[in-house]
Amino acid sequence: MDVVALDGTGLEVEVEDLHHRLVLRAAAQGVLDVAYRTLDSPVGSLLLAATGAGVVRVAFERQGHDAALDELARRVSPRVLRAPARLDALARQLEEYFAGRRTGFDVPLDLTLASGFRRRVLDVLGGIPFGTTLSYAGVAGGAGSPRAVRAVGTACARNPLPLVVPCHRVVRSDGSPGEYAGGAAAKGRLLELERAARVGA
Amino acid sequence: MEPFERVVDQHGAVVLRVCRALVGADAAQDAWSETFLAALVAYPRLRPDSDVRAWLVTIAHRKAVDVLRAQARRAVPVADPPEPPSSGEHPGDGRADVWAAVAALPPKQRRCVAYHHVAGLPYDEVAALVGGTPAAARRAAADGIATLRRTWEEAS
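Those protein sequences? They're chains A and B, same order as listed. Using my numbering, the first residue of the first sequence is number 1, and each one after it goes up by one. Using my numbering, the first residue of the second sequence is number 1001, and each one after it goes up by one.
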């Protein structure tokens, strides 16, 4: 007799329900260190993650959602749970952005995953207005290290908060888009979206 | 260390079955919740090379004991016993009978069946949880399974 085989159906539903209850209790006790959800978007599925302080990570599908969660567990806290509620505001704002109805994001950010020069680069990126671009050299100058053009490229590639901190607005000096963590096609699409929305405005 | 979500995903169903075997289908949800909340709190301090399932079962064991104690404290003798609580399963599919039969086992047999046959722990780990030797744990589990088989054959 196999005790294990006798209760197959219904168990997944029950565990899902218990998972929901666990998320609520963990949040109430302050031990939901990292909450995450996914969001379908025109540039593929996005992973959104937040600590109690703010949004800490946005990851494209091609970067690997599992890899992003592993990094959060390693560098922030292993207390990571799928808990969509904390990301509802960001998800709504991203949907508005992709629909061309929003030009900036208004959510608290947790920049734990970026430090030193990379953090300074993110500050510069945050100041590039919607619908405009800046060269890698321009960002390097803005971050106080005009010769660190390659390091700016690395900082953009490792931006923990793409879209929200708009690294897609950094382009090559000749005007070509350059590389992007979400893929060159995604970068082109975002620049086109912003151009169209600005013209329409 | 893995994100805790993966721990729930990989072991949530097994721990729920263990809880059902230990405290019955109704109280199993509370035992599961207590187990995973305690596990989440303690998780960052877990040694990275630990057997996560055995660790969860250890916590479930303690939480099940708490749940059973709380039930015993609440139990008040009455002249007319109320309807027995629903097992949470669909009637007539036989599954409720199995958990009722497991619940009717003596505590040590019930635990040994849960930890070995449901959770898949080896007998030395089962013995560490319930006390006694691995051989005694093996015997208790075997006796429990024999009783379940007998109950099952009588019922069907």
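Backbone N, C-alpha and C fix where the C-beta goes; we use that ideal spot for every residue, glycine too. Please read all numbers here as calculations on a predicted model, not as lab measurements.
**OP:** Tell me whether residue 13/A is buried or exposed, calling it buried when 16 or more other Cβ atoms sit within 10 Å of its Cβ.
**Re:** exposed
**OP:** Measure from the C-beta of residue 1001/B to each C-beta in chain A and report whether the shortest distance is under 8 Å.
**Re:** yes
**OP:** Could you name the residues of chain B that residue 26/A contacts, counting a contact when the two beta carbons are closer than 8 Å?
**Re:** 1037, 1040
Subject >> chain A contacts from the region 1116–1145 of chain B (Cβ-Cβ distance under 7 Å) >> reply: 1117, 1118, 1145
**OP:** Mind the definition here: the region 66–80 of chain A touches the region 120–132 of chain A only if three or more C-beta pairs lie below 8 Å; say whether that holds.
**Re:** At 8 Å Cβ cutoff, the stretches do not touch.
**OP:** Mind checking who residue 49/A pairs with in its DSSP beta bridge?
**Re:** 36/A, 57/A
**OP:** Starting from the C-beta of residue 1139/B, find all residues in its chain whose C-beta is less than 6 Å away, skip the five residues before and the five after it, and write them out in chain order.
**Re:** Apart from sequence neighbours up to five positions away, no residue of its chain approaches residue 1139/B with a beta-carbon distance below 6 Å.
Original post:
The beta strand (DSSP E) with residue 120/A in it runs from where to where?
Top reply: No beta strand (DSSP E) holds residue 120/A; the alpha helix (DSSP H) holding it covers 116–126.
Subject >> 8 Å Cβ cutoff, residue 31/A in contact with chain B >> reply: yes
Subject >> Interface flag, residue 110/A vs chain B, CB-CB below 8 Å >> reply: Closer than 8 Å: no.
**OP:** Measure from the C-beta of residue 1031/B to each C-beta in chain A and report whether the shortest distance is under 8 Å.
**Re:** no
**OP:** Consider the Cβ of residue 1008/B: report whether some Cβ of chain A lies at a distance smaller than 8 Å.
**Re:** yes
**OP:** Would you verify that the beta carbon of residue 1107/B is, or is not, closer than 8 Å to some beta carbon of chain A?
**Re:** Not a single CB atom of chain A sits nearer than 8 Å to the CB of residue 1107/B.
**OP:** State yes or no: is the C-beta of residue 155/A within less than 8 Å of the C-beta of residue 121/A?
**Re:** yes
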